[in-house]
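Asks:
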Amino acid sequence: PPLYKQRYQFVIDLVKKYKPKKVVDLGCADCTLLWKLKFQTCIEVLAGVDINRAVITDKMYRLSPLPCEYLQPSERPLTIKLYQGSVAEKDPCTLGFDLASCIELIEHLETPVLEKFSEMVFGYMTPAIVIISTPNAEFNRLLPGLNGFRHKDHKFEWTKEEFQNWAQDVCSSYNYTVEFTGVGKGPPGTEDVGFCTQCGVFTRSYQSEGSLTADSCRDTEHSYKPIYNVVY
Ligand code: SAM
46 PPLYKQRYQF VIDLVKKYKP KKVVDLGCAD CTLLWKLKFQ TCIEVLAGVD
96 INRAVITDKM YRLSPLPCEY LQPSERPLTI KLYQGSVAEK DPCTLGFDLA
146 SCIELIEHLE TPVLEKFSEM VFGYMTPAIV IISTPNAEFN RLLPGLNGFR
196 HKDHKFEWTK EEFQNWAQDV CSSYNYTVEF TGVGKGPPGT EDVGFCTQCG
246 VFTRSYQSEG SLTADSCRDT EHSYKPIYNV VY
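According to the numbering used here, the sequence shown is numbered sequentially starting from 46.
Okay, structure coming up:
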């Protein structure tokens, strides 16, 4: 399968493993991952955030209930919400999630925005699990004809060491642990290069306190714009 599908499958496999009830996709773009996650029956709340309103609204109606789902409502409650907002900004609607996915997002963030993103996700949202994927710059030499970054909007592409150093810093600042893996293998003999996409799976090291969430809720202004809300 193409690499983007392997990345989505990577998230789906972790959802199957950890069975989170509330999942948010940061940088959800055209909601393809959300649309796949909808079929994971452990999930009761599914949310997506992207800074680009047009990219969200393009195909968001695929998240609507299918005729058969109206006719035969399932036992499980499911709410799907989409917001326009920046991952650099805090908003109470991002609180209370068990798992956050950030697929091919961080390399689009300028350094000061990346710092705010870390604080917002690991310091404010504090989900039990955070999944981050980003290109592995070392793999670029295996991509024929590539000259510079993989995409013109990328602000950086990191080596394995650069990503791992950033991730370890985040973990020590915000009390998480991280395991590294990836998707997209190179041809035999290139194992030292690593995966085409590098991934970090972050786990919160402490139990969350419900009251903390309530406090943060009161203290933060809304900055995200709701653009879609469906209750199954
Ligand atoms: N996660 C999707 C996927 O894997 O197919 C989309 C990845 S796309 C390369 C990066 C997305 O991040 C874009 O949809 C872009 O609009 C969004 N994005 C960039 N900066 C953002 C920010 N500060 N806050 C929220 N979303 C942002």
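Glycine included, each C-beta is placed from N, C-alpha and C at the ideal position.
From a predicted model like this one, the values you see are computed outputs, not experimental measurements.
Could you pull the start and end residues of the beta strand (DSSP E) that Phe225 belongs to?
Replies: Position 180 of the sequence shown, counted from the start, is the residue given in the question as residue 225. Counting along the chain, the beta strand (DSSP E) containing Phe225 begins and ends at 221-228.
Asks: Rounded to whole angstroms, what is the Cα-Cα separation between Lys104 and Gln51?
Replies: To locate residue 104, count along the sequence shown from 1; it is residue 59. To locate residue 51, count along the sequence shown from 1; it is residue 6. Taking the straight line from one Cα to the other gives about 21 Å.
Asks: Regarding Val68 and the ligand SAM, is the C-beta to nearest heavy atom distance less than 7 Å?
Replies: Counting from one through the sequence shown, the residue named residue 68 turns up at place 23. No, the Cβ of Val68 stays beyond 7 Å of every heavy atom of the ligand SAM.
Asks: DSSP has Arg52 in a bridge; who is on the other side?
Replies: On the sequence shown, position 7 is the one that residue 52 refers to. In DSSP, Arg52 forms no bridge with anything.
Asks: For Pro112, which of helix, strand or coil comes out of DSSP?
Replies: As a first step, residue 112 is located in the sequence shown; it is residue number 67 there, counting from the start. Helix.
Asks: Does any heavy atom of the ligand SAM sit closer than 7 Å to the C-beta of Leu116?
Replies: Here residue 116 is taken as the residue at index 71 of the sequence shown, counted from 1. False, no ligand heavy atom lies under 7 Å from that Cβ.
Asks: Taking 6 Å as the limit between beta carbons, can you name the residues of its chain near Val148, skipping five residues before and five after?
Replies: If you number the sequence shown from 1, residue 148 lands on position 103. Inspection of the sequence shows that residue 148 is occupied by Ile rather than by Val. Arg52, Ser178.
Asks: Closer than 7 Å to a non-hydrogen atom of the ligand PLP - does that hold for the CB of His153?
Replies: Summarising the ligand content, the structure contains the ligand SAM and does not contain the ligand PLP.
Asks: By the DSSP assignment, the alpha helix (DSSP H) with Leu144 in it spans what residues?
Replies: What you label residue 144 is simply residue 99 of the sequence shown in a count that begins at 1. Unbroken run through Leu144 is the beta strand (DSSP E), 144-148; no alpha helix (DSSP H).
Asks: In the DSSP assignment, the alpha helix (DSSP H) including Ile101 goes from what residue to what residue?
Replies: Walking along the sequence shown from the start, residue 101 turns up at place 56. Ile101 -> alpha helix (DSSP H) spans 98-102.
Asks: State yes or no: is the C-beta of Ile174 within less than 8 Å of the C-beta of Tyr251?
Replies: The residue you call residue 174 lines up with position 129 of the sequence shown. The residue you call residue 251 lines up with position 206 of the sequence shown. No, the Cβ-Cβ distance between Ile174 and Tyr251 is not below 8 Å.
Asks: Quick one: does the C-beta of Val158 sit closer than 7 Å to a heavy atom of the ligand SAM?
Replies: Along the sequence shown, read from residue 1 onward, the residue named residue 158 stands at position 113. Checking every heavy atom of the ligand SAM against the Cβ of Val158, one is found closer than 7 Å.
Asks: Within the same chain, show all residues whose beta-carbon is closer than 6 Å to that of Phe69, passing over the 5 residues directly before and after it, in chain order.
Replies: Counting from one through the sequence shown, the residue named residue 69 turns up at place 24. The identity of residue 69 in the sequence shown is Val, whereas the question assumes Phe. Excluding sequence neighbours, Val69 sits near Ala92, Phe142, Ala145.
Asks: How is the alpha helix (DSSP H) around Phe184 delimited, first residue to last?
Replies: Against the sequence shown, residue 184 aligns to sequence position 139. Per DSSP, Phe184 belongs to no alpha helix (DSSP H) and is neither H nor E.
Asks: Using 8 Å as the cut-off, can you tell me whether the region 237-250 makes contact with the region 211-229, which would need three or more C-beta pairs spanning the two stretches below that distance?
Replies: Result yes; three or more Cβ-Cβ pairs closer than 8 Å.
Asks: For Asn181, count neighbouring Cβ atoms within 10 angstroms of its own Cβ and tell me buried if that reaches 16, exposed if not.
Replies: As a first step, residue 181 is located in the sequence shown; it is residue number 136 there, counting from the start. With 16 or more Cβ atoms within 10 Å of its Cβ, Asn181 is classed as buried.
Asks: If you drop the 5 nearest sequence neighbours on each side, which residues of the same chain put their C-beta closer than 8 Å to that of Glu134?
Replies: The residue given as residue 134 occupies position 89 in the sequence shown. Taken in chain order, the residues that qualify are Lys161, Met165, Ser268, Tyr269.
Asks: Pull the bridge partners of Arg249 from the DSSP assignment, please.
Replies: Reading the sequence shown from its first residue, position 204 is the one you call residue 249. DSSP, once it has assigned bridges, lists Tyr221 as partnering Arg249.
Asks: Using CA atoms only, rank isn't needed, just tell me which of Asn220, Asn274, Thr156 is closest to Glu202.
Replies: On the sequence shown, residue 202 is found 157 positions in, with the first residue counted as 1. The shortest C-alpha separation from Glu202 is found at Thr156.
Asks: Is it true that the CB of Tyr273 sits closer than 8 Å to the CB of Lys81?
Replies: Position 36 of the sequence shown, counted from the start, is the residue given in the question as residue 81. Position 228 of the sequence shown, counted from the start, is the residue given in the question as residue 273. Against a cut-off of 8 Å, the Cβ pair of Tyr273 and Lys81 comes out as no contact.
Asks: Just reading off the alpha helix (DSSP H) that Pro46 is part of, what are its end residues?
Replies: On the sequence shown, residue 46 is found 1 positions in, with the first residue counted as 1. That residue, Pro46, is in no alpha helix (DSSP H); it is neither H nor E in DSSP.
Asks: Could you tell me the boundaries of the beta strand (DSSP E) in which Pro157 lies?
Replies: Here residue 157 refers to the residue found at position 112 when the sequence shown is read from its first residue. Here Pro157 belongs to no beta strand (DSSP E); instead the alpha helix (DSSP H) covers 156-163.
Asks: Considering just the uninterrupted stretch of the beta strand (DSSP E) at Thr124, what are its terminal residues?
Replies: The count along the sequence shown starts at 1 and reaches residue 124 at position 79. Where Thr124 is concerned, the enclosing beta strand (DSSP E) stretches over 124-129.
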